[in-house]
Structures are given as C-alpha cells and as structure tokens.
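Quick notes on the structure that follows.
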C-alpha cells in the first residue's frame, strides 16, 4: 500500500508542539541544589581533571561514547539536490531520530555552511573531542569521496558517509540473496549500472569486494555509457569505464543479469527489461520514482526479482537497515575506523537474517502473515527487532578481528542483552528462561495446532531447540497449513483425537474416575475427551506430554476448565491464579491476579501472594511485593483498603522471609523517593518494588493492558500459577513471540519434577 503524505500534514508534524523532531534530555537528576552543584560548578571539575590526566576517561565521564554527529553541507539532499545547509536540517534531525530509535544512539545534527572540501574537512576534524563517531550525510560527489577518505585517515573515531556505504551494504546483501535464489555465481554475472554518483560508485566498489568481476561491469550516466574514450573523465569514472563499442544503456542491457539504478525515474523501458538474461535482477533504487516502476517491471517479466528504495513495494533497500547498527557496533568497541571488513560483515549478517523465520511483530507491521525468504523478501524489514542484535555484534566482531577496536567485548550474550535494553527490548528475563529451556527441551502439546501462529511458533521452537512440539488437531488441516506455508514440520508428531480410538477410551476412564462424583457419566467423559483441551490436558496428566498450551482462539475460562477437571491444582493450593510479566524500560514487573480470581477475599489474596512470590523466584528474581489500593497505609477508609490491609498482615505473617508491603497507591509503590520522604517505615523504601498485587481482577486486567498500550511495555503471560502440571493458557490473539515465550516458561516449569509454578 502506498503511503500518501500531504504537504500540510508534513508541515504540521514538524511544527506542532516543540518545533523539529529532537531534544536534549538530562541523564542525571537536576532537581536540587546539590544536583546542580554536581552537574556543573564545582563538582564538574573532578571529571575534567580525570580526563586531563587520562584522555580515555572521557568515555567514562561523558556521553562521547554514545554520541554521533550527523553532518551535512546541504549540497545533495535526498531528491532535493543542492538546497543548502539550513534547508537540510529537517533531514539531519530525522537521521538523528533513526539513530536513537533503532540503536539508542544520541545525535547532534550539524549543518555546516562550507562548500570547500578542504575547509569542511578541517571543521569536521576539529570536532573529534566531542563525538564518538561522524555520520556524513548529503554531501555531493565527487567532493564526498575526498572528504570521507581524508577524515578516515586523519581521525581516530569511526567516520562513514552513509549515502555511499549504506546503500552499498544493504543492496549488496540483497544482491547475494537474489543470486542465491536464481542460482547464479556472483563472479560470472553481467552488471549494468545507471548512475555514477557517490552511491553508485560505492555500490560498485562494494560489489567487487563481494566477488563481482569488474570486467563484466558497464556503467552509464545521463550522457550514456562511460567509455574510456569519453573526454573529461575523472579518475573515479575511469576506474569503471569500458572499452566496448556501446553508447547507450539500451545497448548495455541485453543479456545483463543485474541492473542497478541510482539515477533518475522512468528511464528504463519494458523492452530493455525483456532484453535481459533469464531471471534478471533489477535494483531500481532512484527515489521517489524508480528507474522503472515496480508494477510495470513485474508485469513485464514473471522471472524478475526487483528491489526499490520505496517502502510500498517488496525488497526496500533502506539505509536504516545499516547505519544505526554499524555505528552501534563501532562505538561499543571504540573502533577507530569503519573498514571494509566491518562493512562486509554487515552485508553477510543482513543476508543471513533474511533467511530466518520472520517475527510476528514484523508480519503485523506490514499486514502480511507470509513473509519468508524468496523473490519478494530478500532482506529484512526495517522494523525487525533482531537487526540490532544481529548487525551490531557482527560489526563489533569484525572490528576486533581486523585490529581497529580499542575495547573488547568479553561476554557476547551479555552484550546482546545490553543492545536489547538500549532500544527498549529488555529481553533479559526471557533470554534466561529460553536458555534454561534449551538445556533440556520438553514435549509441549498444542491444543490449537490448526492455527498458523501455533505452527509458526512450533517451527521456531523446534529450530531453536526450545521445545519438542506435539501438534493436536485435525491432521488434514494441519498438514495443509504446513504445506501451504512452506513450514518444515513434517517430522513433528501430529495427533488427531478422532483417530485415537484406544486413547480416547483410556482417557475417558481416567476423566470419569476424576469427575464421577461431580455429576459426570462415562458417556459424558467419552464425548469430552475428544475435545482437544481435554485430550491435551490428559496427555500431560498421563505422561504422554510434559506441558500443555492452549487458549489462542478460545476464552480463558472455557480453556482452563478442562485442565482443572483433569490435572487439578497442586497439593495444598486452594485456588489457581494468573500472573503477567510486564517488560518495561525500568525492568520487569509482575502483576497478579490478572486472569482468574474476580474479587478475592483477604485470605485468598494471601494465597495468591504466595503463588506469585514463588513464581517470581522461578525467574531468579527476589520478590518485592506491594498490595495496591486507593489508600496509603490507612489514609482512606473503604472495603478495598480494609481488604488489602488485612491481606498484607496475613501475608507478612505467613511469609515472613518475603518483602511484602501495603496497602498503598500504585504511584507510591513505584516511587521510592516518596516512600523515603513520607513513609520511611515502608519495607519498599529501600527495596524497589517489582511485584504488584491488585484487589480484584478488574483493576489488574485494566492495569496490565494500559501498561501494554500506553507504556510500551511488553506483556508476557498470562502465566497460570498453582496447577499440578505445567499448563498455560494463552491470551486470545497472542503473537508468535508471545507463544514462544510462554512455551519456554512451560518447558522450564516442566524441567522441575515437582513443577516450579
């Protein structure tokens, strides 16, 4: 779908509220006189003195190590051309936004009013003490080559002109994957290029480093084919000039395997495309209009693979796949340069990532549930959250291996978690759980295996060796979904209850024995065990599976009832409870009860606290619990404050080794400063809360959904607490990522002989 932008909307976007798109936010408190004294005079003198003694200390005491300058003189802005430095500022601010959003890198944009390349070099070079890296942007050719090359030689921080190398790296990854799909050798392909500016020249040089034979390259510009006998050639153009007797791009394209366009829109015709070799690869990257329109090219040849620079077509070559993560990796090892080894590592990392299963969050963002490696998916989408943990480590490792890193990374797993945290994907907790699950994968039976999300999750679980999936449901429907979506699940066990006559008889007897004094007849039992939620639960109860997952398409109460009837609760547990984990920028919070108990009594809340505390410990986290209401320690009267105060007293007596405090308002529970000032007796004044107990189902359910929607918190759950065997009920419509997380929890739960949750 094409995104249409109205002029008024764009202008309003940039002018509304605070003009522009970026601001500076302090990273330290500046709310008191002592804060100000530490931030500036006299306290600021101390880090100044440390840096004067040891210049490398600047990375410890200042933001330099996470600060990049986006620099332009406005001589080649997007498709706008030479509009000057002031007019380029909205673009440079936008680049800063992308650095921050995708890689957590802070940016100052600098628009410099200087066209002389030598003077511009001196200005930029003088900025080295301030910045950890330099991103050159929208500087016209050929000056950009001289500027970047000189700065790389004379500066000791990473410098990259993204217009050159970003497009080269991303399109290089796409080229490798496209050639793999059509089965062509990169060293033998004929490549025709339209355009001879900074991006085109850099792409050519990079493709040659990937293996393209320079003898098989023909380059054209607005004046035709660049030939050795053309007068006035620059040294750069002479590097790629041909001696062949051809003068126009229409003469160059016959039998070409690859066309790369970085020039102008609508200059390639259908006849030119038809003249290319079988399975032609067309990268028409001119913006906003490609050298040939996507629809026209695709209609011309069915064997064509095409990429553009546009987001409304498949295979968008977008520099945002590269530059944020390239600088992230370079900054994190304090690389002195961005070299060829680092760029090659990025291209190979991107190409490899495109072959992995696509996360559900990406499918949702593009309204496409069938994204998979192939002609229409050569490279990952820009919103793919795996990019930072794929590319930044590849850059860092290449920098270390090539000897340009001043800092080593001792623990790559810890580094990956740090990267996730930088952009708000704090998967530390789930990474630990998934790691534990992989050590001893268990058999997990899915009650809704005729759902594509379940099958895609099963593929990931199987490939990553997190669990051993068992698919429960209509065999023909499951096999049809596997076939239609090219999933590799044919070796996975599929069980269709309709086919399991003997097992149905066996399970019916077990269910009847459990429920015969609850009004169930043997005929009722035989009917019920054919239902997948009963059948799956009984598989776990009889040891045919280790955990049961269901609930993606049915209401929670209807899904949980069969497990309660068959598996039941743990000995000593009076009732089950539901808990959500909310992954927030401040770390994980545990919320209970958000799914099961509508209006628990104080005594029931005491039991829920015990179950929840045990679950928090399951994740290797010390529970620090607050019981919430609209009152602070009796400041208001009412049924809810009284109930929560009583539950607090009961729980503190029953679980004396656990930090439990209440009753209190939510903001007070989360704000230690308020507690230290107003309620210093609170046990949570010194120990930050991580577990919230709500007075009823309504408040808990509302709270976690508000956090998820407004607070950008990721919800993991609901996690069912107190069952005698690992059973977990998915939220209606859970994503593939959420399903995988839940299964990992179920596997670790099953690894304990007594059940951990």
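Numbering (our numbering), first residue to last: -9 to 747. Ideal placement from N, C-alpha and C gives every residue a C-beta, glycine not left out. Given the structure is predicted, the values throughout are model-derived calculations rather than measurements.
Residue span of the beta strand (DSSP E) that contains residue 125, given as start and end: As a position in the chain shown, residue 125 is number 135, starting the count at 1. For residue 125, the uninterrupted beta strand (DSSP E) run begins and ends at 123 to 126, by DSSP.
Where residue 106 sits in the DSSP three-state scheme: On the chain shown, position 116 is the one that residue 106 refers to. Residue state, collapsed to three classes: coil.
Limits of the beta strand (DSSP E) - the one that residue 582 falls within: Taking the first residue of the chain shown as 1, we reach residue 582 at position 592. Element bounds for residue 582: 577 to 582.
Pairwise C-alpha distance: residue 742 and residue 181: Against the chain shown, residue 181 aligns to sequence position 191. Against the chain shown, residue 742 aligns to sequence position 752. Each residue's Cα considered, the two are about 59 Å apart.
Cβ of residue 210 within 8 Å of any chain B Cβ: Included in the structure is just one protein chain, with no chain B present.
Sequence-distant residues of its chain with Cβ nearer than 7 Å to residue 441 (five each side left out): Residue mapping note: residue 441 aligns to position 451 of the chain shown, counting from 1. Cβ neighbours of residue 441 beyond the five flanking positions: 542, 543.
Cα-Cα separation, residue -7 to residue 80: Against the chain shown, residue -7 aligns to sequence position 3. Against the chain shown, residue 80 aligns to sequence position 90. Reliability fails at residue -7, whose pLDDT of 45 lies under 50, so the model's placement of it is uncertain and the value that follows must be treated cautiously. Taking the straight line from one Cα to the other gives about 20 Å.
Pick from 218, 590, 149 that is closest to residue 394, judged by C-alpha positions: For the purposes of this step, residue 394 is identified with residue 404 of the chain shown, where counting begins at 1. Among 218, 590, 149, the Cα nearest to that of residue 394 is on 149.
Three-state class that DSSP yields for residue 256 in the structure shown: Taking the chain shown and counting its residues from 1, one reaches residue 256 at position 266. If DSSP states are grouped into helix, strand and coil, residue 256 belongs with coil.
Bounding residues of the alpha helix (DSSP H) (the contiguous stretch that carries residue 529): Stepping through the chain shown from its first residue, residue 529 is reached at position 539. Residues 522 to 531.
Helix, strand or coil at residue 416 [DSSP, three-state]: Taking the first residue of the chain shown as 1, we reach residue 416 at position 426. With a pLDDT of 46 at residue 416, under the threshold of 50, the predicted position of this residue should be treated as unreliable, though the coordinate-derived value follows. Residue 416: coil per DSSP, three-state reduction.
Of the listed residues 705, 334, 296, 90, nearest to residue 193 (C-alpha basis): Locating residue 193 in the chain shown gives position 203, where the first residue counts as 1. The option with the nearest alpha carbon to residue 193 is 334.
Pick from 573, 716, 248 that is closest to residue 698, judged by C-alpha positions: Your numbering for residue 698 matches position 708 in the chain shown. When each option's Cα is compared against that of residue 698, the closest is 573.
Residue 497 versus residue 724 - alpha carbon distance: For the purposes of this step, residue 497 is taken as residue 507 along the chain shown, with counting starting at 1. For the purposes of this step, residue 724 is taken as residue 734 along the chain shown, with counting starting at 1. For residue 497 and residue 724, the distance between alpha carbons rounds to 29 Å.
Cβ neighbour criterion (16 or more within 10 Å) applied to residue 56: Within the chain shown, the letter at position 66 stands for residue 56. Buried is the call here.
Whole-angstrom distance between residue 179 and residue 171, CA atom to CA atom: Within the chain shown, numbered from 1, the residue matching residue 171 stands at position 181. Within the chain shown, numbered from 1, the residue matching residue 179 stands at position 189. Whole-angstrom Cα-Cα distance: 14 Å.
Residue 523 Cβ short of 7 Å to the ligand GDP heavy atom set: Ligands in the displayed structure: none, and consequently the ligand GDP is not present.
Cβ pair residue 381, residue 340 closer than 8 Å: The sequence position of residue 381 within the chain shown is 391, counting from 1. The sequence position of residue 340 within the chain shown is 350, counting from 1. Yes.
Residue 332 versus residue 388: straight-line alpha-carbon distance, rounded: Indexing the chain shown from 1 puts residue 332 at position 342. Indexing the chain shown from 1 puts residue 388 at position 398. Cα to Cα, the separation comes out at about 5 Å.
Closest residue to residue 551 among 518, 276, 581, 128 (Cα-Cα distance): Position 561 of the chain shown, counted from the first residue, corresponds to residue 551. Looking at the Cα atoms, 518 is the closest of the given residues.
Candidates 477, 126, 65: closest to residue 153 by CA position: Counting from 1 along the chain shown, the entry for residue 153 is found at position 163. The shortest C-alpha separation from residue 153 is found at 126.
Limits of the unbroken alpha helix (DSSP H) element including residue 324: Position 334 of the chain shown, counted from the first residue, corresponds to residue 324. Careful: residue 324 lies outside any alpha helix (DSSP H) and carries neither H nor E.
Rounded separation between residue 98 and residue 255 - CA only: Start at 1 with the first residue of the chain shown, and residue 98 comes out as number 108. Start at 1 with the first residue of the chain shown, and residue 255 comes out as number 265. So the two alpha carbons sit approximately 33 Å from each other.
Length of the line joining the Cα atoms of residue 222 and residue 191: Start at 1 with the first residue of the chain shown, and residue 222 comes out as number 232. Start at 1 with the first residue of the chain shown, and residue 191 comes out as number 201. Note on geometry: alpha-carbon atoms of residue 222 and residue 191 lie some 17 Å from one another.
Length at least 3, wholly inside the stretch 55 to 105: the beta strand (DSSP E) runs in chain order: For secondary structure counted as the beta strand (DSSP E) over 3 or more consecutive residues, the stretch 55 to 105 holds these complete runs in sequence order: 57 to 62, 96 to 101.
Local Cβ density within 10 Å of residue 638, reported as buried at 16 or more and exposed below that: Numbered from its first residue, the chain shown carries residue 638 at position 648. Answer is buried; the Cβ neighbour count reaches 16.
Inter-residue Cα distance where the pair is residue 554 and residue 685: As a position in the chain shown, residue 554 is number 564, starting the count at 1. As a position in the chain shown, residue 685 is number 695, starting the count at 1. For residue 554 and residue 685, the distance between alpha carbons rounds to 24 Å.
In chain order, each alpha helix (DSSP H) run of at least 4 residues that lies wholly inside the stretch 439 to 504: 442 to 453, 465 to 474
Chain-order list of residues whose beta-carbon lies under 7 Å from that of residue 330 (same chain, five-residue window excluded): As a working mapping, residue 330 is identified with position 340 in the chain shown. Excluding residues up to 5 positions away in sequence, 199 lie with their Cβ nearer than 7 Å to the Cβ of residue 330 in the same chain.
Among 715, 504, 298, the one whose alpha carbon lies nearest that of residue 251: To locate residue 251, count along the chain shown from 1; it is residue 261. Ranking the options by Cα distance to residue 251, first place goes to 298.
Residue 660 (DSSP reduced to helix, strand or coil): The residue given as residue 660 occupies position 670 in the chain shown. Residue 660 falls in the helix class under three-state DSSP.
Beta-carbon proximity check, residue 578 vs residue 571, cutoff 8 Å: For this step, residue 578 is matched to residue 588 along the chain shown. For this step, residue 571 is matched to residue 581 along the chain shown. Closer than 8 Å, so yes.
Completely contained beta strand (DSSP E) runs for the stretch 125 to 192, where each covers 3 or more residues: 149 to 151, 181 to 184
Endpoints, alpha helix (DSSP H) assigned at residue 511: Within the chain shown, the letter at position 521 stands for residue 511. Here residue 511 belongs to no alpha helix (DSSP H), and DSSP marks it neither H nor E.
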